[in-house]
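Letter 116 of the sequence shown, counting from 1, is numbered 716 in this note's numbering, and no numbers are missing.
Step one of this worksheet: look at the structure below.
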Amino acid sequence: MPAPGTLPAPPGGAQAVHRALGLLHCFHDNGPDLSASELARRMGLSVSTAHRLARTLVATGFLDQDERTARYRLGPAVAELGQLTFHQRGLHLAAPELAQLAQRTGATADLAIRSGPHAVILVGGSVLPSTGLGLRRPLHSTALGKVLLTWPSPTDPPLQGPLPAHTPRTLTDPAALDAELALTRERGYALNDGESAPGVRTLAVPVLDRTPTARFALAVRSTPAHLTDGALPRALAHARSCARALAVLLLPPDQR
C-alpha cells in the first residue's frame, strides 16, 4: 500500500509534478501542520527532497510555512482554487436545494463527488460550519460511494485493495459488493444500513449527466427508526426530485 500522501507512479518526466501533488494530498486529513520529516515519511522520500518540494510550493502559494516552527500547512493558492472550482461547478447553487430536501425528509442531505477510494461530501448537512469541510467516506461502505461506483466516469479507476470492515455489516467481499452495485443500478438508488457506522441508514441517488454518469451522488441520512422501510418511498421521491433539479443547476458553465 502506498503512503498516505502518495499517488500511483507516473511517467518518468512527470515525477516532480507527481511528488508535489502528493505532498498536497498529505494534508487531506485536516490534521495539524506537518514538518518536512513528516512529509518525507508520508511520501516515502528523503527529508531533503520533501523540504525542497515544500519550499517550491511555499514560493508558489500552495503551502504556507510557520516562521516559528518551520512546519507547513496548505496555502492561499489552494483556498483560491477551491473557491473557484466550487463556484464553477455551481455548488453554491446546491445548498438551498439540499436544505429543502433535508426539511422535507427530516434527514441530513449531502452532495458528494468521487476522489480516489472516497466519496467527498462538498455541500450539505455534513459540511462543518467551523471549517467548511465535509467528510471523506469510503466508497464501498456508504450509499454515496455505491452510487459513484455504480454510475462511474469512464476515467474513474476501479476500486482496488482490501475492503476494510467498519461495522459487522460492511461488505468486504468484492463479489458481494459487485452484487450490491448491480442491485443499485437495477433499482436506481443505493442503501447503507449500518455499513459505515452503527445506527445510521442512508439512501442515495445519482445526479446524472447525459452519458449517464453520476457527476454527483445525493444522499439523505438518518436513523433506521426514522428512515424506515415505509418511509423510504417518500424519501426516495424527494431525493430524486432534488437530483433532477441539481442535474440542471450543476451543469458545466458552457451548458447552462
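Cβ atoms here follow ideal geometry from the backbone N, Cα and C, with glycine treated the same way.
Whole-number beta carbon distance between N792 and T784, since they are thought to touch under 8 angstroms: With 8 angstroms as the limit, T784 and N792 do not qualify as a contact, their Cβ atoms being about 11 angstroms apart.
Selected residue, minimal CA-CA separation from T813, among T705, A790, L749: L749
Length of the line joining the Cα atoms of Y789 and H740: 15 angstroms
DSSP state of A620 mapped onto helix, strand, coil: helix
Residue burial classification, G622 (beta-carbon count within 10 angstroms, cutoff 16): buried
Exposure of V617, with buried meaning 16 or more beta-carbon neighbours within 10 Å: exposed
Start-to-end residues for the alpha helix (DSSP H) that takes in D778: 774-787
Whole-number beta carbon distance between A677 and G661, since they are thought to touch under 8 angstroms: 4 angstroms
Which residues DSSP lists as bridging H718, in chain order: S715, P738
C-alpha gap between V658 and R787, whole angstroms: 49 angstroms
Beta-carbon proximity of L691 to L722, cut-off 7 angstroms: yes
Closest by C-alpha distance to T669, when choosing among Q683, P632, P696, L781: P632
At least three beta-carbon pairs within less than 8 angstroms, the stretch 704-711 to the stretch 814-825: yes
Residues near D664 by beta carbon distance below 8 angstroms, same chain, minus five either side: V658, Y672, R673, L674, G675, P676
Pair within 7 angstroms by beta-carbon distance, L851 and L711: no
Where A609 falls, given that 16 or more other Cβ within 10 Å makes a residue buried: Confidence is the limiting factor: at A609 the pLDDT is only 47, short of 50, which leaves the residue's position unreliable, though a coordinate-based value still follows. Its Cβ having fewer than 16 others within 10 Å, A609 is exposed.
Beta-carbon proximity list for A837, same chain, < 8 angstroms, skipping 5 on both sides: none
T566 and P798 closer than 7 angstroms at C-beta: No information on residue 566 is available, as it lies outside the stretch 601 to 856 that the chain covers here.
Selection from S841, D756, R689, T811 that minimises the alpha carbon distance to R718: The question names Arg, yet the displayed sequence has His at residue 718. Checked all of S841, D756, R689, T811; the closest Cα to H718 is D756.
Other residues of its chain near G794: CB distance less than 8 angstroms, five sequence neighbours each side excluded: T767, R769, V800, R801, P824
Rounded C-alpha distance that separates A776 from H625: 31 angstroms
Nearest candidate by alpha-carbon position, reference L781, set R815, L763, G745: G745
Close-in-space but distant-in-sequence residues of the same chain around V747 (CB under 6 angstroms, 5 per side omitted): A790, A804, P806, A814, A817
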